[in-house]
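Have a look at the structure below before the remarks.
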Amino acid sequence: MLVTLRGKTGWRTVEIARGSSAATCPVQALERWLDFAKIDFGPLFTAVSRGGTRALERRLNDRHVARLVQRTALAAGLRPELPEAERRALFAGHSLRAGLATSAEIDERHVQKQLGHASAEMTRRYQRNRDRFRFNLTKAAGL
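Just so it is clear: in the sequence shown, position 56 is 56 by the UniProt record's numbering, and no numbers are missing.
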């Protein structure tokens with residue numbers, strides 16, 4: 001699926017590929033959301049009514065996304081050893097981007113393109129605790 005979005009550097013198209021299972025497939029999740037929200041054109045992520053029965057026309061902003069991510073992280077019990085205020089501070093909308101950048105075990109330039117970073121250095125800042133030696137180029141070269 002191709003999604004056109006506007007970021008800090010202007011408009012760009014992002015490819016969203018199918019996942020390995022129906023439960024985690026981002027394409028299937030997005031298709032279900034578009035059907036539920038009756039979205040053909042316009043903002044992709046919008047607010048939902050209090051009862052969760054319908055999508056509203058109001059687009060989500062960065063603060064909405066941060067609150068949703070924090071609420072979900074707390075409900076999932078992530079980092080239970082920390083006080084709630086510290087746990088909230090650890091999770092926000094950028095947590096999603098950092099998680100994707102960190103867990104994607106592909107060439108850094110592909111992560112950079114997907115996230116829309118102008119520099120590889122910015123992509124590296126998003127890649128938290130990534131094992132940079134997991135793929136040993138020296139060994140792969142036969143040295």
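Quick reminder that beta carbons are idealized off the backbone N, C-alpha and C, glycines included.
Is there contact between the region 71-88 and the region 34-50, where contact requires at least three CB pairs shorter than 8 Å?
no
Since I believe leucine 115 is in contact with alanine 101 (beta carbons under 8 Å), could you give me their beta-carbon distance rounded to a whole number of angstroms?
On the sequence shown, residue 101 is found 101 positions in, with the first residue counted as 1. On the sequence shown, residue 115 is found 115 positions in, with the first residue counted as 1. So it is a contact: roughly 6 Å between Cβ atoms.
Output yes or no for whether 8 Å exceeds the beta carbon distance between tyrosine 126 and alanine 98.
Within the sequence shown, residue 126 is the residue found at index 126, counting from 1. Within the sequence shown, residue 98 is the residue found at index 98, counting from 1. Cβ atoms of tyrosine 126 and alanine 98: closer than 8 Å.
Got a sec, what are the start and stop residues for the alpha helix (DSSP H) alanine 47 sits in?
For the purposes of this step, residue 47 is taken as residue 47 along the sequence shown, with counting starting at 1. First-last for alanine 47: 46-48, but that is the beta strand (DSSP E), not the alpha helix (DSSP H).
Where histidine 94 and lysine 8 are concerned, what is the direct C-alpha to C-alpha distance, given to the nearest angstrom?
To locate residue 94, count along the sequence shown from 1; it is residue 94. To locate residue 8, count along the sequence shown from 1; it is residue 8. In a straight line, the C-alpha of histidine 94 is about 14 Å away from that of lysine 8.
Report all residues from its chain with a CB closer than 6 Å to the CB of alanine 66; omit the five preceding and five following residues, and keep chain order.
Within the sequence shown, residue 66 is the residue found at index 66, counting from 1. Ala92 and Gly93, listed in sequence order.
Determine the DSSP secondary structure at glutamate 31, reduced to helix, strand or coil.
Position 31 of the sequence shown, counted from the first residue, corresponds to residue 31. Three-state DSSP puts glutamate 31 in a helix.
Helix, strand or coil for arginine 54? Go by DSSP, reduced to three states.
Locating residue 54 in the sequence shown gives position 54, counting from the first residue. Looking at arginine 54 - three-state DSSP - the assignment turns out to be coil, as it is neither helix nor strand.
Just to check my reading of the structure: glutamine 28 and alanine 37 have Cβ atoms closer than 8 Å, yes? What is that Cβ distance to the nearest angstrom?
Your numbering for residue 28 matches position 28 in the sequence shown. Your numbering for residue 37 matches position 37 in the sequence shown. That belief does not hold up - the Cβ atoms of glutamine 28 and alanine 37 are roughly 15 Å apart, past 8 Å.
Considering only residues of the same chain and omitting the five flanking positions on each side of isoleucine 16, which have a CB-CB separation below 7 Å?
What you label residue 16 is simply residue 16 of the sequence shown in a count that begins at 1. Within the same chain, isoleucine 16 has close Cβ partners Met1, Val3, Pro26, Val27 and Leu30.
In whole angstroms, give me the CA-to-CA distance for serine 49 and leucine 56.
Sequence index remark: in the sequence shown, residue 49 carries index 49 (1-based). Sequence index remark: in the sequence shown, residue 56 carries index 56 (1-based). Taking the CA atoms as reference points, serine 49 sits about 6 Å from leucine 56.
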